[in-house]
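First residue of the sequence shown: 176, per our numbering; consecutive thereafter.
Where is the CB? At the ideal position from N, CA and C, for every residue including glycine.
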Amino acid sequence: MEKSDSTMTLITDEEIIEITGSRYPSIQCKILQEYGVPFVRRRDGRPRTTWYNFNHPLSTRNKQLEPEPKWEPDFSCFDEPTSRTKSVQKKFNKNRKTDPNA
């Protein structure tokens, strides 16, 4: 007995009706096309596809992920001291010059 892949199983006519919500083959085909599900149209006009195609629509296959842009933090805020920092530095330097132990 050959083991079959469940993802490659054809979707039955009843399942297509349940999935699309329509009994009309033309509307079923339109709905499958809208969602990017590949199918074959049979001679009677009904769509035929597999569960793999339904679960992996074309829009999600082989999607090239765009590389994340290189992000680096902006350290420019540390380049120039703020006015408050400048005044503290002046006081610190002034105290160091007058301190004989320094």
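If you drop the 5 nearest sequence neighbours on each side, which residues of the same chain put their C-beta closer than 6 Å to that of residue i?
i           : result
residue 182 : 226, 227
residue 203 : 191, 195, 197, 222
residue 211 : 232, 233, 234
According to DSSP, simplified to helix, strand and coil, what is residue i?
i           : result
residue 184 : coil
residue 243 : coil
residue 250 : coil
residue 262 : helix
residue 197 : coil
Where does the unbroken alpha helix (DSSP H) through residue i begin, and where does it stop?
i           : result
residue 205 : 200-209
In this structure, what does DSSP give as the bridge partners for residue i?
i           : result
residue 215 : 223
Within its chain, find whatever has a CB closer than 8 Å to the CB of residue i; leave out the 5 residues flanking it on each side and keep chain order.
i           : result
residue 186 : 194, 223, 224, 225, 226, 229
residue 188 : 221
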